[in-house]
Amino acid sequence: MSEVPRLPDEFAGLQVLVAPWDSERALLPAPPRLLVREGRLALRGEARGDRDERGVLWLPYAPRVDGDTRQRYAEVHGRRQRLLMARLRCQVCGRPSLHVPGRGTAYLLPYAPPETLLPVREAGEWRYALEANPPVCAEHLRTGPLWCDGLRRVRGWTVAWVLRAPVSGVQGYVYDLDDLERPPVLDYVPRGDPRLGAVVAVQLVRSLERVSVGESCPPGA
Ligand SMILES: [Zn+2]
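The numbering of the sequence shown is this note's numbering, which starts it at 902 and goes up by one.
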């Protein structure tokens, strides 16, 4: 007997916090709105929420329009991703993520062979997998693969249990401070990197330092 609740087969009507609503378009800034102030990127008319507590600028989004009921599930709303990831909240509902003592926090990720999630020792140094998907709560760990078409059919899924995953940096658009007209390059920028003053961040990234890989299902299985 299955204890998994029945859910709609498709996403329709389901709300996923980390995904943008259709009207929430990313507004990649360009001059003259984007400028350099005190040696770092700034926005003309910058608002309080435009930077995080470390002073990193975040990608602005158009607000959700009243009556917009469609979400783009394959995409990420960067500002919500940052809050969910920073607070280890469920990426679907925003409730506290599942944490099991001794196992860690539950992440439901697109399918990944276990060795790609585990730390690797290279030339005497540990190299860790980087992750931008926020974790999930107990309910969505169980039900995510059922209703998420992308995980179920397209990408497959892997459960990772993570005991230690410090915030390690951001993924974002890196600008040339000497020439803001140049198209920015999307890159991972670690904490402490001087390029943090030249980045418009899109996602908060954690480094998976103590991981065990749980159940998984490759795409198409
Ligand atoms: Zn949840």
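Backbone N, C-alpha and C fix where the C-beta goes; we use that ideal spot for every residue, glycine too.
Contact check between the region 926–942 and the region 983–998: fewer than three CB pairs, one atom from each, fall below 8 Å, which does not count as touching. Residue state for Gln992 is assigned as coil, using DSSP reduced to three classes.
Excluding sequence positions up to five before and after Met986, its CB lies within less than 6 Å of the CB of Pro1035 and Leu1105, all in the same chain and listed in chain order.
With respect to Trp922, Arg971 sits close: the two C-beta atoms are nearer than 8 Å. Separation of Arg965 and Val1060 (C-alpha to C-alpha, rounded to the nearest whole angstrom) is 31 Å.
Checking the 7 Å criterion, the Cβ of Val919 is out of range of every heavy atom belonging to ligand 1. Residue environment analysis places Pro930 among the buried positions, since at least 16 neighbouring C-beta atoms fall within 10 angstroms of its C-beta.
Under the DSSP assignment, Thr1044 falls in the alpha helix (DSSP H) whose first and last residues are Ala1039 to Trp1048. Judged by DSSP secondary structure, Glu1026 falls within the beta strand (DSSP E) whose first and last residues are Glu1026 to Arg1028. Put simply, the region 1088–1102 touches the region 945–958. At least three CB pairs are less than 8 Å apart.
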